[in-house]
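*Asks:*
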Amino acid sequence: MTKKPIKFEISHKSGQARAGLIETPHGSFKTPVFIPVGTKATVKSLTPEQVKEISDVVLANTYHLYLQPGHKLVEKAGGLHKFMNFSGPIITDSGGFQVFSLGAAYGTNLSKFAGTRDVKSSKSKKGHSLVEIDDEGVNFRSVIDGSIHRFTPEISMEIQHSLGADIFFAFDECVSPQASVEYQKKALERTHRWAQQCITYHHSKENSERQALFGVVQGGRMKDLRVESSRVLAEMDFDGYGIGGSFDKEDITTAVEWVTKNLPEDKPRHLLGIGEPEDMFEAVEKGVDMFDCVSPTRIARSGTLYTPEGKINILNSRFREDFTVIDKNCSCYTCKNYSRAYLAHLFRAKEMLASTLASIHNLYFIVNLVARMREEILEGDFAKFKEGWLQVYMNNNLN
RNA sequence: GCGUCGGUGGCGGAGCGGUCAAUCGCACGAGACUGUAAAUCUCGCGACCUAUGGUCUACGCAGGUUCGAAUCCUGCCCGGCGCA
Numbered sequence: 012m013t014k015k016p017i018k019f020e021i022s023h024k025s026g027q028a029r030a031g032l033i034e035t036p037h038g039s040f041k042t043p044v045f046i047p048v049g050t051k052a053t054v055k056s057l058t059p060e061q062v063k064e065i066s067d068v069v070l071a072n073t074y075h076l077y078l079q080p081g082h083k084l085v086e087k088a089g090g091l092h093k094f095m096n097f098s099g100p101i102i103t104d105s106g107g108f109q110v111f112s113l114g115a116a117y118g119t120n121l122s123k124f125a126g127t128r129d130v131k132s133s134k135s136k137k138g139h140s141l142v143e144i145d146d147e148g149v150n151f152r153s154v155i156d157g158s159i160h161r162f163t164p165e166i167s168m169e170i171q172h173s174l175g176a177d178i179f180f181a182f183d184e185c186v187s188p189q190a191s192v193e194y195q196k197k198a199l200e201r202t203h204r205w206a207q208q209c210i211t212y213h214h215s216k217e218n219s220e221r222q223a224l225f226g227v228v229q230g231g232r233m234k235d236l237r238v239e240s241s242r243v244l245a246e247m248d249f250d251g252y253g254i255g256g257s258f259d260k261e262d263i264t265t266a267v268e269w270v271t272k273n274l275p276e277d278k279p280r281h282l283l284g285i286g287e288p289e290d291m292f293e294a295v296e297k298g299v300d301m302f303d304c305v306s307p308t309r310i311a312r313s314g315t316l317y318t319p320e321g322k323i324n325i326l327n328s329r330f331r332e333d334f335t336v337i338d339k340n341c342s343c344y345t346c347k348n349y350s351r352a353y354l355a356h357l358f359r360a361k362e363m364l365a366s367t368l369a370s371i372h373n374l375y376f377i378v379n380l381v382a383r384m385r386e387e388i389l390e391g392d393f394a395k396f397k398e399g400w401l402q403v404y405m406n407n408n409l410n
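Per our numbering, residue 12 is the first one in the first sequence, and the count goes up by one each step.
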């Protein structure tokens with residue numbers, strides 16, 4: 012019997028919501044948890060010290076690190092932890108999302124959320140896919156230089172072994188919300204087959220004693236597919252589960268529940284790429300333990316900031332002479348030291364510090380919101396907290 | 001004083017007889033962003049209106065030529081440069 016790379020303990024449940032702890036070879040973190048994204052081995056605009064102040068964990072990306080600087084180089088550097096100077100737990104995504112973002116979505120404004128906007132091509136970007144999918148794997152055209160690269164489940168495993176994250180994901184296909192039912196079924200079957208290949212490959216290596224592998228549930232917005240996917244993967248020997256694919260913004264709750272109900276209780280569930288407060292409240296309630304999302308850092312860089320009363324765009328003219336802080340109850344570094352007017356100035360002047368201060372605030376806000384959810388599960392009233400918090404956040408988008 | 005080049009929307013700068021309310025930047029105003037192609041992208045930006053259309057006022061000022069002028073002519077005002 013091989014040694015388990017991670018340990019997951021649930022200390023308390025409230026309905027389907029769980030509060031727990033995950034121990035990894037690089038330290039532990041509490042769940043539910045929000046995990047900042049550092050795709051290319053850096054959380055954009057932040058130093059590792061700034062990230063550590065806010066979060067115990069980060070998530071990086073296999074495809075992007077494979078392209079640049081190359082997984083072999085990272086391995087030579089002593090692995091991702093050493094290379095990026097982050098000693099806490101690191102997670103890597105498999106490249107499965109890039110099958111979508113660089114495929115069906117490339118050059119368009121298509122998101123994995125269905126029906127939220129008209130899909131159109133961006134004028135300044137080419138609208139054709141950089142991706143070719145077949146039953147055995149995916150050919151990617153590099154976004155950096157156009158060269159062609161092949162990903163298979165085994166290759167994704169191999170790369171992720173080189174990167175050396177504590178937790179990593181099976182290579183899946185994130186399917187477009189616009190795909191036909193026939194296609195979704197075909198893709199799901201393929202993803203399941205790939206999942207088994209990932210396990211087989213991973214378990215044949217000694218890395219399986221220090222790196223945990225999560226399978227990824229797909230199935231889009233179709234109940235039968237989601238249920239099937241979660242049941243099939245639940246039978247496989249994964250250390251935890253990712254929930255991926257596309258959703259309906261309005262109906263994300265039900266889609267998540269179709270899945271969590273069929274996953275093993277004793278393994279962590281990670282809702283991939285979700286991070287808006289309203290979505291996380293719903294998902295935590297349905298038993299999700301982990302989240303990661305680019306949203307807090309991406310929107311921060313263009314001046315959108317979270318407040319308990321909804322998001323604000325600091326570039327709006329009304330903030331030019333607003334000498335109050337972003338959120339008077341926030342204890343992040345940014346709110347402790349800088350005014351809205353100063354941030355507005357930094358953004359208008361296109362100063363780098365603008366991105367840094369905004370990212371610090373947004374990450375702190377989101378990470379601590381999920382941490383607070385955990386507290387409410389442990390010793391409060393999660394449902395009541397959720398209702399009260401969302402009431403203020405959703406109904407008050409003007410500040 | 002003479003010569004010469006030029007005066008266009010908040011700024012820079014196109015246009016050089018009709019398709020010009022005027023290319024394009026910037027600035028400004030607003031929006032988007034959910035396993036990062038992203039310090040990015042989209043939209044708006046003379047005024048007014050019975051608004052996927054219409055009316056008016058506009059390209060230094062005043063006249064003129066022409067069916068029609070930001071674009072041609074004359075005078076004036078203002079600026080750069082050169083020569084006295």
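Every residue, glycine too, gets a C-beta built ideally from N, C-alpha and C.
Check each candidate in 368, 315, 236 and name the one with the smallest Cα separation from residue 342.
*Replies:* Position 331 of the first sequence holds residue 342. Closest by alpha carbon: 368.
*Asks:* On the three-state DSSP scale, how would you describe residue 37?
*Replies:* Within the first sequence, numbered from 1, the residue matching residue 37 stands at position 26. Residue 37: coil per DSSP, three-state reduction.
*Asks:* Taking the alpha-carbon of residue 48 as reference, which of 193, 89, 310, 363 has the nearest alpha-carbon?
*Replies:* One-based indexing of the first sequence puts residue 48 at position 37. For residue 48, the nearest C-alpha among the options comes from 310.
*Asks:* In the structure shown, what three-state DSSP assignment does residue 413 receive?
*Replies:* Not covered by the structure: residue 413. The range shown for the chain is 12 to 410.
*Asks:* Could you pull out every residue in the same chain whose Cβ sits closer than 6 angstroms to the Cβ of residue 14, ignoring the five residues on either side in sequence?
*Replies:* Numbered from its first residue, the first sequence carries residue 14 at position 3. Result list for residue 14: 220, in chain order.
*Asks:* From this set, 174, 163, 392, which residue's C-alpha is nearest residue 50's C-alpha?
*Replies:* Taking the first residue of the first sequence as position 1, residue 50 is located at position 39. Out of 174, 163, 392, 174 has the C-alpha closest to the C-alpha of residue 50.
*Asks:* Does residue 19 pass the burial test, meaning 16 or more other C-beta atoms within 10 Å, or should it be called exposed?
*Replies:* As a working mapping, residue 19 is identified with position 8 in the first sequence. So residue 19 counts as buried.
*Asks:* With DSSP as the reference, label residue 164 as helix, strand or coil.
*Replies:* To locate residue 164, count along the first sequence from 1; it is residue 153. Helix at residue 164.
*Asks:* Using the beta-carbon count (16 or more within 10 Å), is residue 373 buried or exposed?
*Replies:* On the first sequence, position 362 is the one that residue 373 refers to. So residue 373 counts as buried.
*Asks:* Can you tell me whether DSSP reads residue 172 as helix, strand or coil?
*Replies:* Sequence index remark: in the first sequence, residue 172 carries index 161 (1-based). Correct three-state label for residue 172: helix.
*Asks:* If contacts are defined as beta-carbon pairs under 8 angstroms, then residue 206 and residue 247 qualify, I think. What distance do you get, rounded to the angstrom?
*Replies:* The residue you call residue 206 lines up with position 195 of the first sequence. The residue you call residue 247 lines up with position 236 of the first sequence. That pair is a contact at about 6 angstroms.
*Asks:* Just the C-alpha distance for residue 338 and residue 245, rounded to the nearest angstrom, thanks.
*Replies:* In the first sequence, counting from the first residue as 1, residue 338 sits at position 327. In the first sequence, counting from the first residue as 1, residue 245 sits at position 234. So the alpha carbons of these two residues sit roughly 42 angstroms apart.
*Asks:* Where do the ends of the beta strand (DSSP E) carrying residue 139 lie?
*Replies:* In the first sequence, residue 139 corresponds to position 128, counting from 1. Premise fails: residue 139 is in no beta strand (DSSP E) and is neither H nor E.
*Asks:* Note down the Cα distance separating residue 135 from residue 312, rounded to an integer number of angstroms.
*Replies:* Position 124 of the first sequence, counting from 1, holds the residue named residue 135. Position 301 of the first sequence, counting from 1, holds the residue named residue 312. Note that residue 135 has pLDDT 49, beneath the 50 cutoff, so the model's placement of it is unreliable and no number is given.
*Asks:* Could you spell out where the alpha helix (DSSP H) holding residue 103 opens and where it closes?
*Replies:* If you number the first sequence from 1, residue 103 lands on position 92. Here residue 103 belongs to no alpha helix (DSSP H); instead the beta strand (DSSP E) covers 101-104.
*Asks:* Which word fits residue 234, buried or exposed, when buried means at least 16 other C-beta atoms lie within 10 angstroms of its C-beta?
*Replies:* Translated into positions along the first sequence, residue 234 becomes position 223. Looking at its Cβ environment, which holds fewer than 16 other Cβ atoms inside 10 Å, residue 234 is exposed.
*Asks:* So what's residue 379 in DSSP terms, helix, strand or just coil?
*Replies:* Residue numbering aside, residue 379 sits at position 368 when the first sequence is read from its first letter. Residue 379: helix per DSSP, three-state reduction.
*Asks:* Considering only residues of the stretch 189-254, which uninterrupted alpha helix (DSSP H) runs meet the minimum length of 4 residues and lie entirely inside it, listed in chain order?
*Replies:* Fully enclosed alpha helix (DSSP H) runs of 4 or longer: 192-214, 234-245.
*Asks:* Here's a check: name, in chain order, each residue in its chain whose Cβ is nearer than 6 angstroms to the Cβ of residue 25, leaving out the five neighbours to either side.
*Replies:* Here the question's residue 25 lines up with position 14 in the first sequence. Excluding sequence neighbours, residue 25 sits near 388, 393.
*Asks:* Have a look at 92, 187, 113, 203 and flag the residue whose alpha-carbon is nearest the alpha-carbon of residue 171.
*Replies:* Translated into the one-based positions of the first sequence, residue 171 becomes position 160. For residue 171, the nearest C-alpha among the options comes from 92.
*Asks:* Should residue 27 be counted as a contact of the ligand COA given a C-beta to heavy atom distance under 7 angstroms?
*Replies:* Inclusion of the ligand COA in the displayed structure is not the case, the ligand content being empty and no account of it being possible.
*Asks:* Flag this pair as touching only if the stretch 288-295 and the stretch 396-406 have three or more C-beta atom pairs under 8 angstroms; answer yes or no.
*Replies:* Judged by Cβ distances under 8 angstroms, the stretch 288-295 makes contact with the stretch 396-406, as three or more pairs qualify.
*Asks:* Determine the closest residue to residue 74 out of 273, 64, 112, 44, with distance taken between C-alpha atoms.
*Replies:* Residue 74 sits at position 63 when you count from the first residue of the first sequence. Checked all of 273, 64, 112, 44; the closest Cα to residue 74 is 112.
*Asks:* CA-CA distance, residue 317 and residue 283?
*Replies:* As a position in the first sequence, residue 317 is number 306, starting the count at 1. As a position in the first sequence, residue 283 is number 272, starting the count at 1. Cα to Cα, residue 317 sits roughly 21 angstroms from residue 283.
*Asks:* Where does the unbroken alpha helix (DSSP H) through residue 84 begin, and where does it stop?
*Replies:* As a working mapping, residue 84 is identified with position 73 in the first sequence. Residue 84 -> alpha helix (DSSP H) spans 82-87.
*Asks:* Using alpha carbons as the reference points, say which of 23, 150, 231 lies closest to residue 390.
*Replies:* Counted from its first residue, the first sequence places residue 390 at position 379. Out of 23, 150, 231, 23 has the C-alpha closest to the C-alpha of residue 390.
*Asks:* Per DSSP, what kind of secondary structure is residue 47 in: helix, strand or coil?
*Replies:* Reading the first sequence from its first residue, position 36 is the one you call residue 47. Note: residue 47 maps to strand in three-state DSSP.
*Asks:* Which class does residue 304 belong to by DSSP, given the choice of helix, strand or coil?
*Replies:* Taking the first residue of the first sequence as position 1, residue 304 is located at position 293. DSSP places residue 304 in strand when its eight states are reduced to three.
*Asks:* What three-state label does DSSP hand residue 365 in the structure shown?
*Replies:* Working through the first sequence from its first residue, we reach residue 365 at position 354. If DSSP states are grouped into helix, strand and coil, residue 365 belongs with the helices.
*Asks:* By Cβ distance, which residues of its chain are closer than 6 angstroms to residue 162, with the 5 residues on each side in sequence left out?
*Replies:* Position 151 of the first sequence, counted from the start, is the residue given in the question as residue 162. Result list for residue 162: 106, 148, 149, in chain order.
*Asks:* Looking only at its own chain, which residues have a Cβ that is under 7 angstroms from the Cβ of residue 345, when we skip the five neighbours before and after it?
*Replies:* The count along the first sequence starts at 1 and reaches residue 345 at position 334. Within the same chain, residue 345 has close Cβ partners 337, 368, 371, 372.
*Asks:* Contact defined as beta carbons within less than 8 angstroms: I believe residue 259 pairs with residue 126. What is the distance between those atoms, to the nearest angstrom?
*Replies:* By 1-based counting over the first sequence, the position of residue 259 is 248. By 1-based counting over the first sequence, the position of residue 126 is 115. Confirmed, Cβ separation roughly 7 angstroms.
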